[in-house]
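K.L.:
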Amino acid sequence: MKFSIIAVDITLPADFPFPLRGSYEECARRAASFGYEAIELQIQNPLDYDYAAVRRSLERYGMRASAVTTGLSYLFEGHNMSAKDASVRAKTVERLKRQLDFARELDSQILIGFLRGRMEKDDTAEEYEARLTESMYKTIEYADEIDGRICFEQINRRDGDLYNSTAETLRFIEKFRSKRLFYNADTYHMISEEGDVAAALRLAKDRMTLFHVSDCGRLLPDDRHFNFRAAAEVLRSIDYDGWVTIECRPVPDGDSVAREGMAYLKDVFYPAQCAVR
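Using our numbering, the first residue of the sequence shown is number 97, and each one after it goes up by one.
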């Protein structure tokens, strides 16, 4: 398993679960100093960046990009894969193509979470999924052209209308029969949606490339609400070799979260090594 932490290079409120803040080069430097192998980049508009320059900034510290995320364009620009307005969907797909270009330069994947959108007034689940499916097919088609990778996030029912459980999310992913589309497990969402997390992770073993770690309130785990050690045991048993990423609010501050998060990941995923020390 490979450890990663989320970073963002724009000013956002502290309740956003992005621990490291600052330029991506600075975030990479700090993440590397705490022992992480990668950062997950929060990217609103890829065209605001020099892709190669970002790659060099990461490489300078021996770092990689675990994912290039897409949600900021939903929050701040209204992009939406399932919008009833066809022009909004078209603009969203074009933005996703640029996200895929950026991720490919970084040898990474894009992550789709909130960008899927919410059901609109008088929507049915079937209508919503039909629009989302159309956008996803177009995005996958471009990923096929450039050898890109897409990760689709499970989101709990408070924050998303469909694809709340692991099984439901995998059903949506599998219907595309694409080698480009993968699954993102997120403990924040799984806490409220999965009665048997171990079974859910085993179900997802062939599609999972990203595992987000945070507790209730998007804080660092405290082992009171979620059995992270059981989850780690399952990930080891299925030979999971994807990213394990800290996604927590910077409370009390980003560096403390990064430092304590790494210590926790090592203790949970490699307890024998920690015991020896």
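Glycine residues also receive a C-beta, built at the ideal position from the N, C-alpha and C atoms.
Could you have a look at Val164 and say whether DSSP puts it in helix, strand or coil?
P.N.:
As a working note, residue 164 is residue 68 in the sequence shown. It is a strand residue.
K.L.:
Which same chain residues, not among the five before or five after Glu343, have their C-beta less than 6 Å away from its C-beta?
P.N.:
Numbered from 1 along the sequence shown, position 247 holds the residue referred to as residue 343. Result list for Glu343: Ile102, Pro113, His308 and Ser310, in chain order.
K.L.:
Using the Cβ count rule (16 or more neighbours within 10 Å means buried), how would you classify Thr188?
P.N.:
The residue given as residue 188 occupies position 92 in the sequence shown. When all chains shown are included, Thr188 counts as buried.
K.L.:
Closer than 8 Å is the cut-off here; do at least three beta carbon pairs connect the segment 270-282 with the segment 231-247?
P.N.:
Touching, yes.
K.L.:
In the DSSP assignment, the alpha helix (DSSP H) including Tyr259 goes from what residue to what residue?
P.N.:
Taking the sequence shown and counting its residues from 1, the one referred to as residue 259 is at position 163. Neither: Tyr259 is in no alpha helix (DSSP H) and is coded neither H nor E.
K.L.:
Can you grab the Cα-Cα spacing for the pair Lys180 / Pro142, in whole Å?
P.N.:
In the sequence shown, counting from the first residue as 1, residue 180 sits at position 84. In the sequence shown, counting from the first residue as 1, residue 142 sits at position 46. Distance between the alpha carbons of Lys180 and Pro142 is about 25 Å.
K.L.:
Can you tell me whether DSSP reads Cys344 as helix, strand or coil?
P.N.:
Numbered from its first residue, the sequence shown carries residue 344 at position 248. Coil, per DSSP.
K.L.:
Take the Cβ of Arg303 as the centre, count every other Cβ of all protein chains shown within 10 Å, and call the residue buried at 16 or more, exposed below.
P.N.:
Along the sequence shown, one-based indexing puts residue 303 at 207. Buried.
K.L.:
Tell me, please, which residues DSSP counts as bridged to Phe324.
P.N.:
Counting from 1 along the sequence shown, the entry for residue 324 is found at position 228. Its beta-bridge partners do not exist; DSSP assigns none.
K.L.:
Let me know if Glu136 comes out buried or exposed under the rule of 16 or more other beta-carbons within 10 Å of its beta-carbon.
P.N.:
As a working mapping, residue 136 is identified with position 40 in the sequence shown. With 16 or more Cβ atoms within 10 Å of its Cβ, Glu136 is classed as buried.
K.L.:
Cβ atoms of Gly131 and Ala199: under 8 Å apart, would you say?
P.N.:
As a working note, residue 199 is residue 103 in the sequence shown. As a working note, residue 131 is residue 35 in the sequence shown. Against a cut-off of 8 Å, the Cβ pair of Gly131 and Ala199 comes out as no contact.
K.L.:
Give the secondary structure of Ile101 by DSSP, where H, G and I count as helix, E and B as strand, and everything else as coil.
P.N.:
Along the sequence shown, one-based indexing puts residue 101 at 5. In this structure, Ile101 counts as strand in the three-state DSSP scheme.
K.L.:
Taking only three categories from DSSP, how would you classify Asp363?
P.N.:
Taking the first residue of the sequence shown as 1, we reach residue 363 at position 267. It is helical.
K.L.:
For Thr305, which residues in the same chain have their Cβ closer than 6 Å to its Cβ, ignoring the five residues on either side in sequence?
P.N.:
Counting from one through the sequence shown, the residue named residue 305 turns up at place 209. Cys247, Phe278 and Gly338.
K.L.:
Look up Asp219 in the DSSP assignment and give the residues it is bridged to.
P.N.:
On the sequence shown, position 123 is the one that residue 219 refers to. Looking at the DSSP assignment, Asp219 forms no beta bridge with any residue, so it has no partner.
K.L.:
Check whether the segment 353-370 and the segment 322-338 touch, using three or more Cβ-Cβ pairs below 8 Å as the test.
P.N.:
Short answer: they touch.
K.L.:
How many whole angstroms separate the CB atoms of Leu211 and Tyr145, which I take to be in contact at a CB cut-off of 8 Å?
P.N.:
Here residue 211 refers to the residue found at position 115 of the sequence shown. Here residue 145 refers to the residue found at position 49 of the sequence shown. Incorrect: roughly 18 Å between the Cβ atoms, too far for contact.
K.L.:
Near Leu108, what residues of its chain come up, given a Cβ to Cβ distance below 7 Å and the 5 sequence neighbours on each side ignored?
P.N.:
For the purposes of this step, residue 108 is taken as the residue at position 12 of the sequence shown. Once the five neighbours on either side are set aside, the close Cβ partners of Leu108 are Phe114.
K.L.:
Mind checking Phe172: buried by the 16 CB within 10 Å criterion, or exposed?
P.N.:
Counting from 1 along the sequence shown, the entry for residue 172 is found at position 76. Result: exposed.
K.L.:
To the nearest angstrom, how far is it from the Cα of Asp111 to the Cα of Pro346?
P.N.:
Mapped onto the sequence shown, residue 111 falls at position 15. Mapped onto the sequence shown, residue 346 falls at position 250. Taking the straight line from one Cα to the other gives about 8 Å.
K.L.:
What separation, rounded to the nearest whole angstrom, lies between the Cα atoms of Arg373 and Ala354?
P.N.:
Position 277 of the sequence shown, counted from the first residue, corresponds to residue 373. Position 258 of the sequence shown, counted from the first residue, corresponds to residue 354. Residue placement at Arg373 is poorly supported in this model, since its pLDDT is 48, which falls under 50; the coordinates are not used for a value here.
K.L.:
So who's on the other strand from Tyr279, going by DSSP bridges?
P.N.:
Against the sequence shown, residue 279 aligns to sequence position 183. Its beta-bridge partners are Phe248 and Met304.
K.L.:
Fully enclosed by the segment 149-196, which alpha helix (DSSP H) runs are 4 residues long or longer?
P.N.:
List check, alpha helix (DSSP H) in window: 167-173.
K.L.:
What did DSSP end up calling Arg355 once you bin it into helix, strand or coil?
P.N.:
To locate residue 355, count along the sequence shown from 1; it is residue 259. Arg355: helix per DSSP, three-state reduction.
K.L.:
What does the alpha-carbon distance come out to for the pair Ala371 and Ala161?
P.N.:
In the sequence shown, the residue the question calls residue 371 occupies position 275. In the sequence shown, the residue the question calls residue 161 occupies position 65. Because Ala371 sits at a pLDDT of 46, beneath the cut-off of 50, its placement in the model cannot be relied upon, and the following sentence gives the value as read from the coordinates. Those two C-alpha atoms are separated by around 30 Å.
K.L.:
Would Ile206 and Leu168 be called neighbours here (beta carbons separated by less than 8 Å)?
P.N.:
On the sequence shown, residue 206 is found 110 positions in, with the first residue counted as 1. On the sequence shown, residue 168 is found 72 positions in, with the first residue counted as 1. No, the pair does not count as a contact, with Cβ atoms beyond the cut-off.
K.L.:
How long is the line joining the alpha carbons of Lys301 and Ala281, rounded to whole angstroms?
P.N.:
Stepping through the sequence shown from its first residue, residue 301 is reached at position 205. Stepping through the sequence shown from its first residue, residue 281 is reached at position 185. Each residue's alpha carbon lies about 10 Å from the other.
K.L.:
For Ile206, which three-state DSSP category applies?
P.N.:
Residue numbering aside, residue 206 sits at position 110 when the sequence shown is read from its first letter. In the structure shown, Ile206 sits in a strand (DSSP, three-state: E or B).
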